[in-house]
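Trainee: Chains as they are written, first to last, in the working numbering: chain W, -15 to 158; chain U, 1298 to 1547; chain Y, 3 to 569.
Mind looking over this structure? Questions follow.
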C-alpha cells in the first residue's frame, strides 16, 4: 500500500478506528473544503463560526480529519495537508481511491480483511463482532463493526449484505 | 420553441371554515434547458407548495404550469423530485430505492440495474447498493434520493430544501457535488429548480434567484447571478448579492 | 449464535414435519389400534387447517377492506362504522346465522358445518386485522406518498412498493392476536348442539369438549397438552421469525426499540355523535357537506377543465346518487328494526335487564381480580429486565391458550372449591371471564410501564420517592392510559367469554348461570328463538356502546390530557 501521509493510526492497536467511527465522509470533506476556503489554515473557533457548528459536534470531525492525515492541529490552529488538497481537486472516484489507501493501513481494518482472506468464505456479522469483542468489549464492538462496514463499503473493499448479514471482500471497480 | 418550464400566473389558496387563505399569488417565471434556478423566501411563503405545483403533486387554484408546452402531470418522467426528508422507502435497499422510478416506467431488468449502478456511482455510493436506509447517514440518504431522481434521466430536477436536514459540513459537500453533476454534460439533469430558505446557498448555487415575499407568496424579484463558478463566499460580490436578497425579503 | 439458532430452528422444523407426517400416516393406517391419544396429531392437523383457511380469508379481507377504507374517503364514511359495529357484536352471535346458512345450503353435509366453523373463526380474526391495515395506510408519512406519486407509482405498483410493505408490521402483530382469538372460537365451535341435533367435526376442540363432558380427566389433559404444543410450535416456527422479519418494514421513529402496542380500540369510537346540543350537532354536520361540495368542485376542475357545465351537472348527480343510496340503506335498516320491535316481545324478553345486570356484575368481579394482580405484576416485569426475559415467554404461552380449551379444567377446579353446582357454575363463569380478560390488561400494562421515560424514573429516585408515594405519584398516573386501553380490550374479550362461560356442560352436568350469555346460548342451541337471539345481541351491543360512551370515552379523554407523557 502506498504511503498515506502523516499520522495514520497513531497510537497502537486495534482500537484506533475510533476517531472515524461515527463520522461520515461527507462531513470530513466538508470540513476540509471549509478550511480551504479561508486559505488553508484557521483556528478552531473561526472554523466553528464559519461552518456554523458547535465545537462539540466539530470535535469528532476534526479528530477524524487528523486521523486520516488530512489535517494537522497545532496550538489550536487547524491546517489542511497536501493530501487533502489532492483530495479536494479529485473527482468522486479518485477521492475514494485516496481514502482507500489511507484506510487500508489502519490495523483494525487489516484485522477484518485478513480474517476474511484466511477464511476464504463470507463472514457472518456474529463472527466478526466476536472477534472484535475480544479486543474492545462487546458494546464497542457493535459500533466498531458498523464503522468498519461503512468505511469498507465506501472504499469498495468490503461487500456486506444487510439482509443475510454476511460480509465478503471485493475488489474496487475500475 | 418552448422554454422547458413555464410557470404562468400560478395562484394557490386554501379554504378553511369558509375563509380563503392565499398562499401564492401570480407567480410567473420560465426555466430554460441549462438553468439552475433557486426560489428563496421566508418560511411559510409557500415555496414548497409552489414546487409541488410545478412537479404536479398539487393543483393551482388558478394559473398553469407547462412543461415543454404541455400541462404538467404528477408522474411526468422528465421531472424528478428530491425531498427534504429524503423520502426513502425503509424496506428497500439503496439500489432498489434508486430503481423505483425505473420500475414504474417499466424499464427492463438489466437496463434498470445498469442505470441504477451508474447513478449510484455518480453520487459516490458505490459499495452501498445492498445497504438499507437506516444504515446510512443523512448525507448519504440524500445522495440516494438524488440518485433515485437522476436514474429516470429527467430533464428537470426539482429539489425541496434538500440540504436543510443535514449538518452544515455534509450540506456544503453535497452542494458542490450537485454542481458537479449538473455541469457534467453527460449526466442528467439539464435544468435544476431548487427551493430553499438559505440565501447563501441560493447565491452559491444558482444562475437565477427568484425571491418570494411572505404569505401570500408574491414574486418580489428575479435576479441573475453572474458570478463565475466556483464561487467563494468570502468575496465581496458574493455577500453583496446575499445582502441584496436579504433586503428584498425583509 | 444467531446462525446456530437459525440452524436449530430449521432442524426442529424438519423434525416436527416428520413427526406430524408419521402421526397422520399411522392414524390412517391403524384406525383400530390407534388409541384416543394417537388420533391427536391428526386432529391437530384438522383444527390447524381450519384455522389456516380462515386466516387466509381474513388476510384477503383485511387487506382489501383496510385498503379501500384508507384510500377512498367516501367509502370510509360507511366502512369504518360498519367495522366498529362488527367488532362489537359478540362473535358467537354470528354463529347461528352461519349455521343456518351453511348447513341449509349443503343439506347437513359435513362440508356445511366445516364452512360454518371456518366462517366463525374468520369473523373472530378479520376485524382487528382490517383496522390494523387501515391504521398503517393512514399513517404513511406524507413525503413517502409524495415520492411514490412523483415517481409514477400508481395502482398495483403503489400497492406492492408502498401500501403493502407499510401494512406488514401491524398485519403481523394483529395476525398473532387474531390467531389467539381464533383458537378460542375454534375450540368452542367444533362441537355444538343446535335445534336438538348435535353437530361435530373432528378436531382438538371437539376432543377436549367430549372429554370434558365425560369427565375424562386424563384425556382432557392430553388434549390441552397437544393444543399447547401446536400453539407453541406455531409461535416458534412462524410468528417469532415473522415478527423479526417485519421489523424491516417499520417506519423509522426517534426511539430505537418499538414496544408493540395494542392499538387503542377507543379510537374506533370517534364516529359516535356527541349527544347534547343537537342544533350544534346539525350545524357541525352541515358544514363539512358544504366544504366537501366546494372541494368536489375543485376536484372536477382538474378533470373537466374545459367543460364547466358538465362539471356542475356531474357534481349534482354524483351527490344526489350518494345521498339516495345512503338514505336507502339507513331506512332499510331502521325499517327492519322497527318491524321487529312492533311485534309483541317474547315473554323471556323480560329477563333481559336482569340478565344484563348479572352478566355485567360478573365481568366487573373478573375485571377487579384481573386489575388487582396484573398491575403489580406488570410493574415488576416492566422494571426488572431479567425477570421479564424469563417470565414473558411463559406468560405469552399461557395467554395464547384459549380459555375455551381450559373450560373443563376451570369447571373441575370450581367444583373442587365450592359446595354446590350452582356456586361452581358462578365461579367457573367468573374465572373464564377472568382468563379471557387478564392478558389484554397485563400486556398493555407492561408496555405502559416500559414506556415511562428513564429520566422521570431517575428523578423520582433522586428525590427519594419510594413505596406508596412512588406508586401514587409516578407509576399509577403514568400507566393510566395503558390501564384504559387494556381495560377496553379486556371488556370486549370478556363479553365474548360470557357466551361460552354462562352455559357449560361438564361431566354430563349442565352448568348454567342466569345472564346474557346463557340467554344467548339458549336462544341459539337449546330453545331456538330468533327474536330472543336478536334481542339479546342487541342488548349486549347497547351495553357495550353505553359503557364506551359513558365510561371509557370521557375517562380516556381526561387521562390522555392529564397523564400524557410528553417525550
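Backbone N, C-alpha and C define an ideal beta-carbon position, used for all residues, glycine too.
By the 10 Å Cβ neighbour count, where 16 or more other Cβ atoms means buried, how is residue 1505 of chain U classified, buried or exposed?
Mentor: Position 208 of the second chain, counting from 1, holds the residue named residue 1505 of chain U. Residue 1505 of chain U comes out buried.
Trainee: For residue 60 of chain Y and residue 41 of chain Y, I'd like the C-alpha separation in whole angstroms.
Mentor: Within the third chain, the letter at position 58 stands for residue 60 of chain Y. Within the third chain, the letter at position 39 stands for residue 41 of chain Y. Residue 60 of chain Y and residue 41 of chain Y: Cα-Cα distance of roughly 29 Å.
Trainee: Confirm, please, whether the CB-CB distance from residue 432 of chain Y to residue 367 of chain Y is below 7 Å.
Mentor: The residue given as residue 367 of chain Y occupies position 365 in the third chain. The residue given as residue 432 of chain Y occupies position 430 in the third chain. Contact flag set, yes.
Trainee: Let me know the alpha helix (DSSP H) ranges lying completely inside the segment 487 to 553 of chain Y, each 4 residues or longer, listed in chain order.
Mentor: Listed in chain order, the complete alpha helix (DSSP H) runs (minimum 4 residues) inside the segment 487 to 553 of chain Y are 518 to 523, 532 to 548.
Trainee: At 9 Å on the CB atoms, spell out the chain Y contacts of residue 1398 of chain U, in chain order.
Mentor: Stepping through the second chain from its first residue, residue 1398 of chain U is reached at position 101. By Cβ distance, chain Y contributes 152, 153, 154, 155.
Trainee: Can you tell which of U:1491, U:1426, U:1321, U:1485 has the C-alpha that lies nearest to the C-alpha of residue 1414 of chain U?
Mentor: Looking up residue 1414 of chain U in the second chain gives position 117. That would be U:1426, whose Cα lies nearest to the Cα of residue 1414 of chain U.
Trainee: Does chain Y have any CB closer than 7 Å to the CB of residue 1433 of chain U?
Mentor: The residue labelled residue 1433 of chain U in the question sits at position 136 within the second chain. Judged by the 7 Å Cβ criterion, residue 1433 of chain U is not in contact with chain Y.
Trainee: Ignore the nearest five residues each way along the sequence and tell me which others in residue 147 of chain W's own chain have a CB closer than 8 Å to its CB.
Mentor: For the purposes of this step, residue 147 of chain W is taken as residue 163 along the first chain, with counting starting at 1. Contacts found: none.
Trainee: Would a check of beta-carbon distances place residue 15 of chain W closer than 7 Å to chain U?
Mentor: For this step, residue 15 of chain W is matched to residue 31 along the first chain. Residue 15 of chain W counts as touching chain U.
Trainee: Measure the alpha-carbon distance for residue 1465 of chain U versus residue 491 of chain Y and round it to whole angstroms.
Mentor: Translated into positions along the second chain, residue 1465 of chain U becomes position 168. Translated into positions along the third chain, residue 491 of chain Y becomes position 489. Between residue 1465 of chain U and residue 491 of chain Y, the C-alpha separation is close to 48 Å.
Trainee: With a floor of 4 residues, list each alpha helix (DSSP H) that falls wholly inside the segment 1381 to 1422 of chain U, ordered by position along the chain.
Mentor: Listed in chain order, they are 1391 to 1395, 1397 to 1402, 1406 to 1419.
Trainee: Leaving out five residues on either side along the sequence, give the residues of the same chain with a beta carbon under 6 Å from the beta carbon of residue 184 of chain Y.
Mentor: Working through the third chain from its first residue, we reach residue 184 of chain Y at position 182. Closer than 6 Å at Cβ, skipping near neighbours: 53, 123, 126, 127.
Trainee: Is the separation between the beta-carbon of residue 61 of chain W and that of residue 83 of chain W shorter than 7 Å?
Mentor: The residue given as residue 61 of chain W occupies position 77 in the first chain. The residue given as residue 83 of chain W occupies position 99 in the first chain. No, these two residues do not count as a Cβ contact at 7 Å.
Trainee: My guess is that residue 132 of chain Y and residue 64 of chain Y are in contact by the Cβ rule of under 8 Å, so how many angstroms apart are they, rounded?
Mentor: Along the third chain, one-based indexing puts residue 132 of chain Y at 130. Along the third chain, one-based indexing puts residue 64 of chain Y at 62. Right, the Cβ-Cβ distance comes to about 4 Å (below 8 Å), so this counts as a contact.
Trainee: At 7 Å on the CB atoms, spell out the chain Y contacts of residue 1352 of chain U, in chain order.
Mentor: Sequence index remark: in the second chain, residue 1352 of chain U carries index 55 (1-based). Near residue 1352 of chain U (Cβ distances below 7 Å), the residues of chain Y are 152.
Trainee: Run through chain U and tell me which residues come within less than 8 Å of residue 159 of chain Y, C-beta to C-beta.
Mentor: Within the third chain, residue 159 of chain Y is the residue found at index 157, counting from 1. Those are 1400, 1401, listed as they occur along chain U.
Trainee: Answer yes if the segment 128 to 141 of chain W comes into contact with the segment 106 to 116 of chain W, meaning at least three C-beta pairs across the two stretches below 8 Å, and no otherwise.
Mentor: At 8 Å Cβ cutoff, the stretches touch.
Trainee: If you drop the 5 nearest sequence neighbours on each side, which residues of the same chain put their C-beta closer than 7 Å to that of residue 1344 of chain U?
Mentor: Your numbering for residue 1344 of chain U matches position 47 in the second chain. Cβ neighbours of residue 1344 of chain U beyond the five flanking positions: 1336, 1338, 1492, 1509, 1514.
Trainee: In this structure, what does DSSP give as the bridge partners for residue 144 of chain W?
Mentor: To locate residue 144 of chain W, count along the first chain from 1; it is residue 160. In the DSSP output, where bridge partners are listed per residue, residue 144 of chain W has W:151.
Trainee: Could you give the first and the last residue of the continuous beta strand (DSSP E) run that contains residue 1505 of chain U?
Mentor: Here residue 1505 of chain U corresponds to residue number 208 of the second chain, with the count starting at 1. 1505 to 1509 is the extent of the beta strand (DSSP E) around residue 1505 of chain U.
Trainee: Quick one: complete alpha helix (DSSP H) runs, 4+ long, within the segment 44 to 127 of chain Y?
Mentor: You should have 75 to 90, 96 to 107.
Trainee: Using CA coordinates, which residue listed in U:1454, U:1410, U:1500 is at the minimum distance from residue 1485 of chain U?
Mentor: Residue mapping note: residue 1485 of chain U aligns to position 188 of the second chain, counting from 1. Comparing Cα positions, the closest option is U:1454.
Trainee: State the DSSP-derived secondary structure class of residue 1463 of chain U, mapped to helix, strand or coil.
Mentor: Position 166 of the second chain holds residue 1463 of chain U. Coil, per DSSP.
Trainee: Quick one: measure Cβ to Cβ for residue 1471 of chain U and residue 1463 of chain U, integer angstroms, because I've assumed they're closer than 8 Å.
Mentor: Here the question's residue 1471 of chain U lines up with position 174 in the second chain. Here the question's residue 1463 of chain U lines up with position 166 in the second chain. Indeed they touch by this definition, with Cβ atoms about 7 Å apart.
Trainee: Within a Cβ cutoff of 6 Å, which residues of the same chain sit near residue 304 of chain Y, ignoring the five residues on either side of it in sequence?
Mentor: Here residue 304 of chain Y is taken as the residue at index 302 of the third chain, counted from 1. Below a pLDDT of 50, predicted positions are generally treated as unreliable, and residue 304 of chain Y, at 44, falls in that range; the measurement from the model is reported next regardless. Excluding residues within five positions, none has a Cβ falling inside 6 Å.
Trainee: If you compare alpha carbons, which of Y:353, Y:176, Y:182, Y:207 is closest to residue 2 of chain Y?
Mentor: Given that chain Y is displayed from residue 3 to residue 569, the structure contains no residue 2 of chain Y and the question cannot be resolved.
Trainee: At a cut-off of 6 Å, is residue 8 of chain W close to the ligand GDP when judged by its beta-carbon and the heavy atoms of the ligand?
Mentor: Among the components modelled here there is no ligand, and therefore nothing to report on the ligand GDP.
Trainee: Using only the alpha-carbon positions, how far apart do residue 1494 of chain U and residue 1468 of chain U sit?
Mentor: Indexing the second chain from 1 puts residue 1494 of chain U at position 197. Indexing the second chain from 1 puts residue 1468 of chain U at position 171. Their backbone Cα atoms lie some 14 Å apart in a straight line.
Trainee: Quick check: is the beta carbon of residue 1306 of chain U nearer than 7 Å to any beta carbon in chain W?
Mentor: In the second chain, the residue the question calls residue 1306 of chain U occupies position 9. It does not: the Cβ of residue 1306 of chain U has no partner Cβ on chain W nearer than 7 Å.
Trainee: Going straight from the alpha carbon of residue 495 of chain Y to that of residue 505 of chain Y, what length do you get?
Mentor: Looking up residue 495 of chain Y in the third chain gives position 493. Looking up residue 505 of chain Y in the third chain gives position 503. Answer to the nearest angstrom: the Cα atoms are 17 Å apart.
Trainee: Enumerate in chain order the residues of its own chain whose CB-to-CB distance from residue 96 of chain W is below 7 Å, with the five nearest sequence positions on each side excluded.
Mentor: As a working mapping, residue 96 of chain W is identified with position 112 in the first chain. Closer than 7 Å at the Cβ level, and outside the excluded window around residue 96 of chain W, lie 112, 132.
Trainee: Any idea what DSSP makes of residue 1333 of chain U, helix, strand or coil?
Mentor: The residue labelled residue 1333 of chain U in the question sits at position 36 within the second chain. It is a strand residue.
Trainee: Is DSSP giving residue 128 of chain W helix, strand or coil here?
Mentor: In the first chain, the residue the question calls residue 128 of chain W occupies position 144. In this structure, residue 128 of chain W counts as helix in the three-state DSSP scheme.
Trainee: Under 7 Å, do residue 189 of chain Y and residue 46 of chain Y count as touching if we go by C-beta distance?
Mentor: For the purposes of this step, residue 189 of chain Y is identified with residue 187 of the third chain, where counting begins at 1. For the purposes of this step, residue 46 of chain Y is identified with residue 44 of the third chain, where counting begins at 1. The answer is no: Cβ separation not under 7 Å.
Trainee: In chain order, which alpha helix (DSSP H) runs of at least 4 residues are fully inside the segment 70 to 131 of chain W?
Mentor: Fully enclosed alpha helix (DSSP H) runs of 4 or longer: 76 to 88, 91 to 103, 109 to 120.
Trainee: Does residue 32 of chain W come within less than 7 Å of chain U when only Cβ atoms are used?
Mentor: As a working mapping, residue 32 of chain W is identified with position 48 in the first chain. Closer than 7 Å: no.
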